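Novice: If you scroll down you'll find the structure; I have some questions about it.
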Amino acid sequence: MLTVLFLLSLGWCEKHPAFQWKKDGVTQNGFLVHDRHVGDNWYRDQKDGKSGALDLDYENDVGVTVSGGTLTQRLVSNYSWNNKTVVGSRLYIMTADEKKYEKFNLTGKEFTFTVNLAQIPCGVNAALYTVEMPADGIDATDQTQGAPYGYGYCDANCVDGGCCPEFDGIEATSKALVFTTHTCSGTGSGRGGYTGCDTSGCGYNPYRDDNNHSFWTSSVNLAQPVTIVTQFQTNGDVTRKYIQNGNPIDGGTLNQSRCSGKQNMTSTFSRGHVVVFSLWDSDGMSWLDGGNAGPCTSYNIKDVETRTPNLTVTWSDVKFGNIGSTTN
Numbered sequence: 067m068l069t070v071l072f073l074l075s076l077g078w079c080e081k082h083p084a085f086q087w088k089k090d091g092v093t094q095n096g097f098l099v100h101d102r103h104v105g106d107n108w109y110r111d112q113k114d115g116k117s118g119a120l121d122l123d124y125e126n127d128v129g130v131t132v133s134g135g136t137l138t139q140r141l142v143s144n145y146s147w148n149n150k151t152v153v154g155s156r157l158y159i160m161t162a163d164e165k166k167y168e169k170f171n172l173t174g175k176e177f178t179f180t181v182n183l184a185q186i187p188c189g190v191n192a193a194l195y196t197v198e199m200p201a202d203g204i205d206a207t208d209q210t211q212g213a214p215y216g217y218g219y220c221d222a223n224c225v226d227g228g229c230c231p232e233f234d235g236i237e238a239t240s241k242a243l244v245f246t247t248h249t250c251s252g253t254g255s256g257r258g259g260y261t262g263c264d265t266s267g268c269g270y271n272p273y274r275d276d277n278n279h280s281f282w283t284s285s286v287n288l289a290q291p292v293t294i295v296t297q298f299q300t301n302g303d304v305t306r307k308y309i310q311n312g313n314p315i316d317g318g319t320l321n322q323s324r325c326s327g328k329q330n331m332t333s334t335f336s337r338g339h340v341v342v343f344s345l346w347d348s349d350g351m352s353w354l355d356g357g358n359a360g361p362c363t364s365y366n367i368k369d370v371e372t373r374t375p376n377l378t379v380t381w382s383d384v385k386f387g388n389i390g391s392t393t394n
């Protein structure tokens with residue numbers, strides 16, 4: 067009993083979902099943790115004005131289910147302690163000891179996963195991306211609960227005041243997809259080490275950038291599961307390949323000619339990034355799947371949340387290793 071109370075006093079009471087992925091062909095038994103934010107407007111370490119981490123029921127509170135190496139995120143959930151609606155979720159891969167975020171040193175490596183976007187409509191963004199956030203979730207501006215409770219987040223939009231380089235592996239609906247590098251300026255590294263970032267970044271979406279309006283229905287059908295392979299070249303280029311129904315499809319490259327240097331994130335990739343799974347929505351998503359970026363013409367996320375609250379995105383088969391090794 068004393069041991070249990072001691073662990074609770076240290077905050078070790080949240081049950082993180084176990085999550086399997088592969089590194090160099092070997093299964094890794096890690097975990098997932100939700101961000102400190104729950105929904106749009108409150109933190110899970112603040113309950114009735116009191117301090118102290120609030121433990122999540124991942125399936126019921128934030129719509130997250132995991133089986134082996136398959137993760138499903140649901141759009142709308144009901145947060146049990148205050149009966150408020152939660153839209154979307156943001157999750158990080160943790161180490162096997164559940165103390166830190168897993169760091170992926172991406173330079174010269176390949177990252178592969180499979181995603182099912184079939185249920186993701188216009189205005190809902192299913193994203194898998196990486197950011198240079200601190201492994202322990204603690205830095206000079208955020209010395210609290212740390213990684214076990216989803217602290218330390220940063221990205222190129224400087225969310226919560228934390229700026230850091232970001233690579234958007236995919237931001238996608240069932241209608242369109244883009245992958246994007248976001249570099250930052252500054253002398254440090256990690257959260258708090260950068261003074262500003264390129265929020266627009268350099269990305270590639272064949273619908274938008276090549277005026278190929280059939281790419282996401284004919285070349286790659288986003289209404290069906292697709293395997294996404296990203297290669298982080300040592301010269302700074304980022305190469306993309308899609309695999310669907312056993313067929314490899316060229317997905318383009320972020321390189322000097324396309325990005326004028328904005329694609330080169332070799333130094334930050336070498337320091338290591340944390341992998342993020344995210345699901346969110348907005349009426350302002352035309353940059354992703356409307357206008358010149360995709361076929362969507364109108365957005366009404368409240369209607370989507372009401373009509374299809376249980377829509378999901380499913381991620382699976384995360385693999386990391388040397389270039390050319392994850393699809394053998």
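Converting from the sequence shown to the numbering used here requires adding 66 to each position, the first position being numbered 1.
Don't be surprised by glycine CBs; every beta carbon is placed ideally from N, CA and C.
Computed from a predicted structure; not experimentally measured.
#1: Evaluate the contact criterion for the segment 353 to 360 versus the segment 136 to 153: three or more CB pairs, one atom per stretch, below 8 Å.
#2: Does the beta-carbon of residue 368 have 16 or more other beta-carbons within 10 angstroms, so that it is buried, or is it exposed?
#3: Inspect the beta-carbon positions of residue 136 and residue 382 and report whether they are closer than 7 Å.
#4: Spatial neighbours of residue 351 within its chain, please: CB distance less than 8 Å, with the 5 preceding and 5 following residues excluded, ordered by chain position.
#5: Taking the C-alpha atoms as reference points, what is the distance between residue 80 and residue 127?
#6: If you run the structure through DSSP and keep just helix, strand and coil, what is residue 288?
#7: Run through the segment 306 to 331 for me and flag every whole beta strand (DSSP E) of 3 or more residues, listed as ranges in chain order.
#8: Mapping DSSP to helix, strand and coil, what is residue 131?
#9: Compute the distance between the beta-carbons of residue 341 and residue 179, then report whether it is under 7 Å.
#10: Consult DSSP for residue 126 and reduce its assignment to one of helix, strand or coil.
#11: Report the rounded CA-to-CA distance for residue 378 versus residue 346, giving the unit in angstroms.
#12: Below 8 Å on the Cβ atoms is my guess for residue 204 versus residue 215; work out the distance and round it to an integer in Å.
#13: Against chain B, does residue 355 count as a neighbour if the rule is that its beta carbon must be under 7 Å from one of theirs?
#14: What first and last residue would you give for the beta strand (DSSP E) that runs through residue 215?
#15: Taking only the alpha-carbon atoms, compute the straight-line gap between residue 247 and residue 232 and give it to the nearest angstrom.
#16: Tell me whether the segment 258 to 272 and the segment 321 to 332 touch, counting them as touching only if at least three CB pairs, one residue from each stretch, are closer than 8 Å.
#17: Taking Cβ to Cβ, would you say residue 98 is nearer than 7 Å to residue 183?
#18: Between the Cα of residue 293 and those of 300, 299, 280, 317, spot the shortest distance and give me the residue it belongs to.
Specialist: From the atom records:
#1: The segment 353 to 360 vs the segment 136 to 153: no contact.
#2: It is exposed - the Cβ of residue 368 has fewer than 16 other Cβ atoms within 10 Å.
#3: Cβ atoms of residue 136 and residue 382: closer than 7 Å.
#4: Cβ-Cβ distances below 8 Å link residue 351 to 188, 189, 190, 191, 239, 362, 365 in the same chain, with the five nearest sequence neighbours on each side left out; the list follows chain order.
#5: A straight-line Cα-Cα distance of about 13 Å links residue 80 and residue 127.
#6: Secondary structure of residue 288 (DSSP, three-state): coil.
#7: With a minimum length of 3 residues, the continuous beta strand (DSSP E) runs that stay inside the segment 306 to 331 are 313 to 320.
#8: Under the three-state reduction of DSSP, residue 131 is assigned to strand.
#9: No.
#10: If DSSP states are grouped into helix, strand and coil, residue 126 belongs with the helices.
#11: In a straight line, the C-alpha of residue 378 is about 11 Å away from that of residue 346.
#12: Cβ-Cβ separation between residue 204 and residue 215: approximately 11 Å, too far for a contact (criterion under 8 Å).
#13: Among the chains in the structure shown there is no chain B, since it carries only a single protein chain.
#14: Secondary structure note for residue 215: it is in no beta strand (DSSP E), with a DSSP letter that is neither H nor E.
#15: Their Cα atoms are separated by approximately 6 Å.
#16: Note that the segment 258 to 272 touches the segment 321 to 332; at least 3 beta-carbon pairs, one per stretch, sit closer than 8 Å.
#17: No. Outside cutoff.
#18: Nearest Cα to residue 293 within the set 300, 299, 280, 317: 317.
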